[in-house]
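Sequence order for the protein chains is A and B.
Mapping of the first sequence onto the numbering used here: residues 542 to 907, in sequence order.
Mapping of the second sequence onto the numbering used here: residues 542 to 907, in sequence order.
Here is the structure we will look at.
There are 2 protein chains.
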Amino acid sequence: MTPAAQDVDHVTVALGDRSYEIVIGAGVLADDAFWRGLPSARHALIVTNDTVGPIYAAQLRQRLESTYADVVVVSLPDGESFKDWSTLNRIFDALLGHGCDRKTVLFALGGGVVGDMTGFAAACYMRGVPFVQVPTTLLSQVDSSVGGKTAINHPLGKNMIGAFYQPARVLCDLDTLASLPDRELSAGLAEVIKYGPIADAGLMDWLEEHMEGLRRRETPLLRQVIRRSCEIKAQVVGADEREGGLRAILNFGHTFGHAIEAGLGFGVWLHGEAVAAGMVMAAELSERLGLSPVGLRQRLSDLIARAGLPVRGPRLGAAEYLRHMRVDKKAEGGDIRFVLIEGLGHAVLRSAPDALVAECIDAHCA
Amino acid sequence: MTPAAQDVDHVTVALGDRSYEIVIGAGVLADDAFWRGLPSARHALIVTNDTVGPIYAAQLRQRLESTYADVVVVSLPDGESFKDWSTLNRIFDALLGHGCDRKTVLFALGGGVVGDMTGFAAACYMRGVPFVQVPTTLLSQVDSSVGGKTAINHPLGKNMIGAFYQPARVLCDLDTLASLPDRELSAGLAEVIKYGPIADAGLMDWLEEHMEGLRRRETPLLRQVIRRSCEIKAQVVGADEREGGLRAILNFGHTFGHAIEAGLGFGVWLHGEAVAAGMVMAAELSERLGLSPVGLRQRLSDLIARAGLPVRGPRLGAAEYLRHMRVDKKAEGGDIRFVLIEGLGHAVLRSAPDALVAECIDAHCA
Chain A
542 MTPAAQDVDH VTVALGDRSY EIVIGAGVLA DDAFWRGLPS ARHALIVTND TVGPIYAAQL
602 RQRLESTYAD VVVVSLPDGE SFKDWSTLNR IFDALLGHGC DRKTVLFALG GGVVGDMTGF
662 AAACYMRGVP FVQVPTTLLS QVDSSVGGKT AINHPLGKNM IGAFYQPARV LCDLDTLASL
722 PDRELSAGLA EVIKYGPIAD AGLMDWLEEH MEGLRRRETP LLRQVIRRSC EIKAQVVGAD
782 EREGGLRAIL NFGHTFGHAI EAGLGFGVWL HGEAVAAGMV MAAELSERLG LSPVGLRQRL
842 SDLIARAGLP VRGPRLGAAE YLRHMRVDKK AEGGDIRFVL IEGLGHAVLR SAPDALVAEC
902 IDAHCA
Chain B
542 MTPAAQDVDH VTVALGDRSY EIVIGAGVLA DDAFWRGLPS ARHALIVTND TVGPIYAAQL
602 RQRLESTYAD VVVVSLPDGE SFKDWSTLNR IFDALLGHGC DRKTVLFALG GGVVGDMTGF
662 AAACYMRGVP FVQVPTTLLS QVDSSVGGKT AINHPLGKNM IGAFYQPARV LCDLDTLASL
722 PDRELSAGLA EVIKYGPIAD AGLMDWLEEH MEGLRRRETP LLRQVIRRSC EIKAQVVGAD
782 EREGGLRAIL NFGHTFGHAI EAGLGFGVWL HGEAVAAGMV MAAELSERLG LSPVGLRQRL
842 SDLIARAGLP VRGPRLGAAE YLRHMRVDKK AEGGDIRFVL IEGLGHAVLR SAPDALVAEC
902 IDAHCA
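Now the structure itself:
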């Protein structure tokens, strides 16, 4: 069960005094070695959800009991639709109810929703306590647990209330992916696929070669693709932590995707599913603007389909898409800004005429 | 109306790339000169309350309309009891309802509650937008508008959910103090008096000489004492922005004071009133521990009384005080940490036996 050192990858997110390590390997949750040197405190609070908690919370508690005298578990309802203030407040209730002081360390055990909410709670509780990411989904291991974006949703927009707040460590146990439903594995692959067009043409080739193996959850392939994803994300975040510019490229497909999520109601489509269809629309827009060579959209669309993901968005009407896209955080003065592909492996941030955007939406709705 | 340059004081809060100016003078709200060079954006949101807004919001809007195409005003109910999530959410509703993007600048026009909530909203909206403090009470001009502590209350504790988030500028118009009720002027004097024991013996002498003039609101005296208070606060915050140690001295009297506010219910006593009675208790504890010479508590108590402030706390029972003090942010592992005076002008952070603390509480309850 215990992984040898050579079976574990380490990726560093270099952010000066906020730098931290991402640890990637099978059996991480079973081995005390990876849980040493965390911030010391009397209290630790494990935040998890009703799906993941019953499987892994006891194991995590075991790892923490040698460091923390008091380990509390709070379990939230599972799903994007609960990523709101009232659910967040359950974390504050637990912290204050247990007399947790401002050295208390929070542990986010779950997927992107748990990670975003735990990170935001850590950013705000007594104006900031340390937290550790323990992502248990592919999506959170390759994307959301890294980089310090934390948030909750507002009825008028996704992730509108949050903070840039870095974790003290990210611990990815590949074994937790065994319990992940196929649909969520695919949703995670959407964020993996994203890194190809925006940053790494070679990754795109590699994914085309190994997509079936990834969907069969072959551990060496998963480990390799999680490490590469984290390397790309760490590099981008290290260069632009607070999204002054470059970091926005990580939102490829997300502007269209957010419109899908908001239009259907948060939680109807998984985030990764919405991003998948959104990437096809964004690639179409890149081609129509003459930025990327004709054919990239088709190649991307084929790969997305092989990942078990939707290549077409829901038919909400282009006007409804545009309405939601205008409240995107990248918008400035009502002007929607898209992440577009300028040749495979290179992304740019651009605005585009509404009529052209509407054509791209209409061309890729089911 | 327009103040000449020599009638305005400037104090710098030196925090590297988060440094900013505090401007102190009469007529600041009437003069465009002080409102140039603010962060540019399409939208500005003035957050105020139902007491201050009707008097000053139109004037502030005039100052901002040359810089911002769209100036929105949101008015919150007045008082500490509204410093909660649901009131904060009205700021987010206004921002999203008006399509405010992530360059939007927030302006806090009011006292400490408006400043704390506006700052926290700015820290969280789209993970951070700029904000400007326009404090209109003595308490906010000498204390809460400076230093970047922002927060809302939780039913189980005051200021438990918040962020360290610095404003882009602080603009104190002395003329706004003319509309301040006497009770609130006195509450502001509590935070002024605080700076003497913890940092400046000379200020204590000066206050003993000028207390009546301050209560008559003589502008030169107010200007002088606001500048000196801001200088002390700027120095402490510049040395310890995130309260790793030194900054905690600014909470002299606040641990007892928070217990009074929480015990009576937020808003029954003004924050400054609770701090006033709390300082007497903390000075008593300093004397009983042999830290400060006998007589300081009496001298401080006399000055507090002359400021029109309570020198005795409400009779909640020492156990009730202690219970609330244990959820203070300075507490560690259930151990309450007090800011105590070690000779006039010098503060230290210490714990103390419960029995002794209880004696100090009982000795100074009405």
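The beta carbon of each residue, even a glycine, is placed where N, CA and C say it ideally should be.
- Message: Mapping the DSSP letters down to three states, classify residue 899/A as helix, strand or coil.
- Response: Looking at residue 899/A - three-state DSSP - the assignment turns out to be helix.
- Task: Could you tell me whether the segment 713-724 of chain B touches the segment 823-834 of chain B, using the rule of 3 or more Cβ pairs below 8 Å?
- Result: In short, these stretches do not touch, since the Cβ pair count stays below three.
- Query: The alpha helix (DSSP H) with residue 816/B in it runs from where to where?
  - Reply: Element bounds for residue 816/B: 812-829.
- Query: Looking at the unbroken beta strand (DSSP E) that takes in residue 578/A, where does it start and where does it end?
  - Reply: Element bounds for residue 578/A: n/a, residue is neither H nor E.
- Query: Can you find a CB in chain B that lies within less than 8 Å of the CB of residue 864/A?
  - Reply: Interface flag for residue 864/A against chain B is unset, since no Cβ pair is found closer than 8 Å.
- Item | C-beta neighbour in chain D for residue 692/A, strict 8 Å | Here the protein chains are A and B, and chain D is not one of them.
- Message: Determine whether the beta carbon atoms of residue 729/B and residue 813/B lie at a separation below 8 Å.
- Response: It is a contact, given that the beta carbons lie within the stated cut-off.
- Query: Among the residues of its own chain, which have a CB less than 8 Å from the CB of residue 673/B, if the five just before and after it don't count?
  - Reply: Result list for residue 673/B: 579, 646, 647, 648, 649, 708, 709, 710, 711 and 712, in chain order.
- Ranges of the alpha helix (DSSP H) found wholly within the segment 613-668 of chain B, counting only runs of at least 4: Complete alpha helix (DSSP H) runs here, min 4: 626-638 and 653-665.
- Query: At which residue ranges does the segment 835-888 of chain B contain complete beta strand (DSSP E) runs of 3 or more residues, listed in the order of the chain?
  - Reply: Runs found: 879-882.
- Query: Among residues of its own chain, excluding the 5 on either side of residue 838/B, which ones have a beta-carbon nearer than 7 Å to its beta-carbon?
  - Reply: Correct list, in chain order: 821, 824, 825 and 828.
- Task: Note the first and the last residue of the continuous alpha helix (DSSP H) segment covering residue 600/B.
- Result: DSSP places residue 600/B in the uninterrupted alpha helix (DSSP H) bounded by 594-605.
- Assign residue 799/A to one of two classes, buried (16 or more other C-beta atoms within 10 Å of its C-beta) or exposed (fewer than that). Burial is judged here by how many other beta carbons sit within 10 angstroms of a residue's own beta carbon; residue 799/A has at least 16 and is buried.
- Query: Quick one: Cα of residue 540/B to Cα of residue 887/B, how far?
  - Reply: The first residue shown for chain B is 542 and the last is 907, placing residue 540/B beyond what the model contains.
- Considering only residues of the same chain and omitting the five flanking positions on each side of residue 594/A, which have a CB-CB separation below 6 Å? Closer than 6 Å at the Cβ level, and outside the excluded window around residue 594/A, lie 616.
- Tell me, please, whether the segment 663-672 of chain B touches the segment 632-644 of chain B by the rule of three or more beta-carbon pairs shorter than 8 Å. Contact between the segment 663-672 of chain B and the segment 632-644 of chain B is present, with at least three C-beta pairs closer than 8 Å.
- Message: With a threshold of 8 Å between beta-carbons, can residue 658/A be considered close to chain B, or not?
- Response: It does not: the Cβ of residue 658/A has no partner Cβ on chain B nearer than 8 Å.
- Would you call residue 621/A buried or exposed, if buried means 16 or more other Cβ atoms sit within 10 Å of its Cβ? Its Cβ being crowded by 16 or more others within 10 Å, residue 621/A is buried.
- Task: Identify which residue in 794/A, 844/A and 874/A has its Cα closest to the Cα of residue 898/A.
- Result: When only C-alpha atoms are compared, the closest one is 794/A.
- Whose C-beta lies closer than 8 Å to the C-beta of residue 779/A among residues of the same chain, with five residues either side of it excluded? So the list reads 554, 555 and 556, once near-sequence residues are dropped.
- Message: Beta-carbon within less than 7 Å of residue 542/A's beta-carbon, same chain only, minus the 5 sequence neighbours each way: which residues are those?
- Response: Only weak support is given to the placement of residue 542/A: the predicted model assigns it a pLDDT of 43, under 50, and the question is left unresolved by the model.
- Item | Nonlocal neighbours in the same chain, by C-beta distance under 8 Å from residue 867/A, ignoring five residues either side | Non-local beta-carbon contacts of residue 867/A in its own chain, meaning distances under 8 Å to residues more than five positions away in sequence, involve 875 and 877 in chain order.
- Alpha-carbon to alpha-carbon, residue 870/A and residue 705/B: Taking the straight line from one Cα to the other gives about 22 Å.
- Message: Could you tell me the alpha carbon to alpha carbon distance between residue 763/B and residue 566/B, rounded to whole angstroms?
- Response: Each residue's Cα considered, the two are about 10 Å apart.
- Message: Looking at chain A, is there any beta carbon in it that lies within less than 8 Å of the beta carbon of residue 785/B?
- Response: Chain A, which has no Cβ nearer than 8 Å to the Cβ of residue 785/B, makes this no.
- Task: Return no unless some Cβ of chain B is closer than 8 Å to the Cβ of residue 666/A.
- Result: At least one C-beta of chain B is nearer than 8 Å to the C-beta of residue 666/A.
- Would you kindly work out how many angstroms separate the C-alpha atoms of residue 671/A and residue 690/A, rounded to a whole number? Their Cα atoms are separated by approximately 14 Å.
- Would you mind telling me which residues of chain A sit closer than 7 Å to residue 891/B, beta carbon to beta carbon, in chain order? For residue 891/B, no chain A residue has a Cβ inside 7 Å of its Cβ, as the nearest lies near 17 Å away.
- Query: Quick one, which residues of the segment 615-635 of chain B are near chain A if we go by CB-CB under 8 Å, in chain order?
  - Reply: Taking a C-beta cut-off of 8 Å against chain A, the contacting residues of the segment 615-635 of chain B are 626, 630, 633 and 634, listed in chain order.
- Item | Rounded separation between residue 631/A and residue 627/B - CA only | If I take the Cα positions, the gap works out to 15 Å.
- Beta-carbon spacing of residue 583/A, residue 561/A below 8 Å: For the pair residue 583/A and residue 561/A, the CB atoms are not nearer than the 8 Å cut-off.
- Of all the beta strand (DSSP E) runs that stay within the bounds of the segment 737-797 of chain A, which reach a length of 3 or more residues? Note on the segment 737-797 of chain A: there is no whole beta strand (DSSP E) run with a minimum of 3 residues.
- Message: By alpha-carbon positions, which one of 590/A, 745/A and 702/A ends up nearest to residue 843/A?
- Response: Looking at the Cα atoms, 745/A is the closest of the given residues.
- Message: Is the beta carbon of residue 657/A closer than 8 Å to that of residue 624/A?
- Response: The answer is yes: Cβ separation under 8 Å.
- Query: Taking Cβ positions only, does residue 606/B come closer than 8 Å to chain A?
  - Reply: Chain A, which has no Cβ nearer than 8 Å to the Cβ of residue 606/B, makes this no.
- By a C-beta neighbour count over all protein chains shown, 10 Å radius and 16 as the cutoff for buried, is residue 738/A buried or exposed? With 16 or more Cβ atoms within 10 Å of its Cβ, residue 738/A is classed as buried.
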